[in-house]
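Chains as they are written, first to last, in the UniProt record's numbering: chain V, 1 to 265; chain L, 1 to 569.
Using N, Cα and C, we set each Cβ at its ideal position, and we do this for glycine too.
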């Protein structure tokens, strides 16, 4: 039984008389506890898809069933209540928090809005969330913008798991981080999935990063999904030119092919 | 609020506030200090100031106390100024919010009304309004507000539109926050500060407008105002100038106080913003600045590199760089040699000092950066950016000038440094655009940067950097803003061009594997210091330092073991 099923999603943007088809007949499904990697170059439509699924941007056509409900038909208070089940982590770690917010403010909002725990227990829950993502509880009173990029992304993950969601959309969630930090965040995400059975829709242009977490990978090009399959299969035996280009583009630490002039001069 | 504290810590903000508090106290205490109607005759007419202790500032033609008039006048001036500014702000905020949230036709319509009010001179509007409806304090307040609300409306709308697109507003929606709460908690607090800074100026303008109206006899005749006092004194300006001078001084002091306060507020806001900006400083924003290092980069007469350093292009010795206002240096005691013709990759995470090195080499350090140690160039003098040194920046949309054509920007370097005529420089630009393999180069010459994709813009930036055939090319994270497919293309292109021309390439990156693909030598940086350097293949295959080992271990490619198993799919 799928957690999320999207069918024939379409989206057009028009600017200055030109119409761009950002999404064309996009269908995908995601099981509970599964990670679907969404790969594609810039402009392929993967971020638009992520923002349609999170109901930040309306779709022009198509349907989405999420947790057994017609997700695109929800609105107002119904939608706000159901949002607890689907959360999102953004790429830009500095832009994803109100510049005035402290760490505690950022985590208090979802707990308060969805009444996850009784009011009196919220400070304890915030502490537990911070502890879970590896941020010292003493940071609760600090402004989010005083934290390092990696810590901010940990707070963003804490905010996303606060409402105990079934699905988290990770929109290039590790792309802006240093490699050493990135690796630790990927491990954190993997452990959280194992513990809580959260499904991820993981959007990235970096196939190597997608490979780390994804059970299946879907490759997008020009607003369509051109290939979708088990992660290992897509990478070992890509069927589409877009997937092959993405695979070729991943830098390898020690290239198999000998370099033209290893010593340069 | 933190902003207010910041403002008061600045001398202009504190002075402004002191002046205004003093005036406000005088205005509040006026009935106590000078009981009775200030318009009543109190003594002998035209008493000179500083002669009669009962009337320290003298009396006017009718024998009214000037000091009492000024103190009571402060009530009118401050009240009308504040009330008009508040009214203007209330109207402006409402219209700005309504326009930005309604969008579409309502937005268009409201903004055209705003345009209309901005076009009509606000003083003429107030003048007409008061002369038609009749002078009284509420009418004057309304008249001034009518001329002043358009600016805050426009600013509010622009700020809301900008804030509303931020990720934190999206995050609040994802959290399920009620739209009203999003406006009140996420949007408004981030929109208000710049509008508040503007409103201080509106207060000053309102006070002056009120004075001008009173001066013209269009103020409320039943209250004493500074404007009417100045007008009153005008009739005897030659014999008793003080009658106009004292209320004039009061007016000047008030307006200066308001402006100082607004200045302090604006600076406090800018200070807040600069903290955020500091992290994303780009070298290109700053004018070239020669290193102050002794016998170092900037000096034209320093000796060429020492004997036995053949093939050396540049050598730094004990190079340290500290940015203004920073405690810890961004680069410490760096000793690094760059060989002519090599491809050197500078690898480091954020805060490693890798970009600082690039800027120091290019002479692009921001003003006030403290430089110690030496940078020795084999050629004797530091390379001239554009001629001897090409620089490719991370973000091509920021490094290309949006109002110049691609052709102009690529040809500029060739024209200036190769001494080519415009037609020849144009031919050179065309050749460069072909070499970076942009489609339809003839058409591109006349195109503007915004018409290209990110990858195409970076190709243009490379063409521009290489147009004057520099000996050294520094590329500072040239692919970080691009997706991986484009990144691979750009790196291959840069490598090929530099190889073909026999140039030296310094490639700065956070991605150790990207560097491994083409660099001859790598230099690993951490916290402003050089950790390890050596031939690329050797360092990556057998790193000596723990940090390098960690970097290599953290690298993830398609062969790295995944963190999750495959589930039945």
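Residue i versus chain L: which residues are under 9 Å apart at the beta carbon?
i, result
"residue 183(V)", "553, 554, 555, 556"
"residue 78(V)", "Result: empty, since nearest Cβ-Cβ is about 11 Å, beyond 9 Å."
Would you mind telling me which residues of chain L sit closer than 7 Å to residue i, beta carbon to beta carbon, in chain order?
i, result
"residue 87(V)", "174"
"residue 95(V)", "166, 167, 168"
"residue 99(V)", "190"
"residue 42(V)", "454, 483"
Which bits of chain L does residue i rub up against, with CB to CB less than 8 Å?
i, result
"residue 110(V)", "175, 176"
"residue 90(V)", "167, 170, 171"
"residue 208(V)", "556, 557, 558, 560"
"residue 213(V)", "562, 563, 564"
So the alpha helix (DSSP H) residue i belongs to, where does it begin and stop?
i, result
"residue 178(L)", "No alpha helix (DSSP H) contains residue 178(L), which DSSP labels as neither H nor E."
"residue 203(L)", "188-215"
"residue 45(V)", "It is not in any alpha helix (DSSP H) - residue 45(V) carries neither H nor E in the DSSP assignment."
"residue 78(V)", "76-82"
"residue 484(L)", "484-501"
"residue 458(L)", "454-466"
"residue 385(L)", "Taken as a continuous stretch (DSSP letters only), residue 385(L) belongs to no alpha helix (DSSP H), as it is neither H nor E."
"residue 158(L)", "150-164"
Can you tell me the Cα-Cα spacing of residue i and residue j, whole angstroms?
i, j, result
"residue 252(V)", "residue 261(L)", "58 Å"
"residue 43(L)", "residue 243(L)", "15 Å"
"residue 52(L)", "residue 230(L)", "21 Å"
"residue 24(V)", "residue 119(L)", "46 Å"
"residue 58(L)", "residue 259(L)", "30 Å"
"residue 555(L)", "residue 56(V)", "33 Å"
"residue 179(V)", "residue 518(L)", "20 Å"
"residue 141(L)", "residue 218(L)", "12 Å"
"residue 281(L)", "residue 328(L)", "Caution is warranted here: a pLDDT of 40 is assigned to residue 281(L), below 50, making its placement in the model unreliable, and no coordinate value can be reported."
"residue 449(L)", "residue 531(L)", "39 Å"
"residue 501(L)", "residue 559(L)", "35 Å"
"residue 568(L)", "residue 191(V)", "Because the pLDDT of residue 568(L) is 48, which lies under 50, any placement of that residue in the model is unreliable, and the number read from its coordinates should be weighed accordingly. Going by the C-alpha atoms only, they are around 19 Å apart."
"residue 9(L)", "residue 165(L)", "33 Å"
"residue 265(V)", "residue 342(L)", "Low local confidence applies: a pLDDT of 40 at residue 265(V) is under 50, so the model's placement there is unreliable, with the coordinate-based value given in what follows. Straight-line Cα distance between these residues: approximately 6 Å."
"residue 275(L)", "residue 241(V)", "A caution first: residue 275(L) carries a pLDDT of 44, below 50, which makes its placement in the model too unreliable to give a value."
"residue 245(V)", "residue 205(V)", "11 Å"
"residue 34(V)", "residue 473(L)", "46 Å"
"residue 67(L)", "residue 238(L)", "20 Å"
"residue 533(L)", "residue 351(L)", "18 Å"
"residue 204(L)", "residue 119(V)", "46 Å"
Given a threshold of 16 other Cβ atoms within 10 Å of its Cβ, counted over all protein chains shown, does residue i qualify as buried or as exposed?
i, result
"residue 368(L)", "exposed"
"residue 422(L)", "exposed"
"residue 263(L)", "buried"
"residue 194(V)", "exposed"
"residue 635(L)", "The question about residue 635(L) has no answer, for chain L in this structure spans 1 to 569."
"residue 151(V)", "buried"
"residue 322(L)", "buried"
"residue 483(L)", "buried"
"residue 338(L)", "buried"
"residue 549(L)", "exposed"
"residue 13(V)", "exposed"
"residue 380(L)", "exposed"
"residue 487(L)", "buried"
"residue 443(L)", "exposed"
"residue 23(L)", "buried"
"residue 395(L)", "buried"
"residue 401(L)", "exposed"
Look up residue i in the DSSP assignment and give the residues it is bridged to.
i, result
"residue 36(V)", "201(V), 216(V)"
"residue 429(L)", "BP columns for residue 429(L) are empty, so no partner."
"residue 529(L)", "526(L)"
"residue 87(V)", "168(V)"
"residue 334(L)", "319(L)"
"residue 221(V)", "224(V)"
Which bits of chain C does residue i rub up against, with CB to CB less than 9 Å?
i, result
"residue 512(L)", "The question asks about chain C, but that chain is absent: this structure's protein chains are V and L."
Between which two residues does the beta strand (DSSP E) containing residue i stretch?
i, result
"residue 315(L)", "312-322"
"residue 226(L)", "Run containing residue 226(L): none in the beta strand (DSSP E); it sits in the alpha helix (DSSP H), 226-234."
"residue 3(V)", "2-15"
"residue 62(L)", "Premise fails: residue 62(L) is in no beta strand (DSSP E) and is neither H nor E."
Is any heavy atom in the ligand SAH found nearer than 7 Å to the beta carbon of residue i?
i, result
"residue 233(V)", "In the structure on display, the ligand SAH does not appear, and there are no ligands present to speak of."
For residue i, which residues in chain V fall below 7 Å Cβ to Cβ?
i, result
"residue 487(L)", "249"
Which residues in chain V sit within 9 Å of residue i, going by Cβ to Cβ distance?
i, result
"residue 107(L)", "What residue 107(L) touches in chain V: nothing, since even the nearest Cβ is about 17 Å away."
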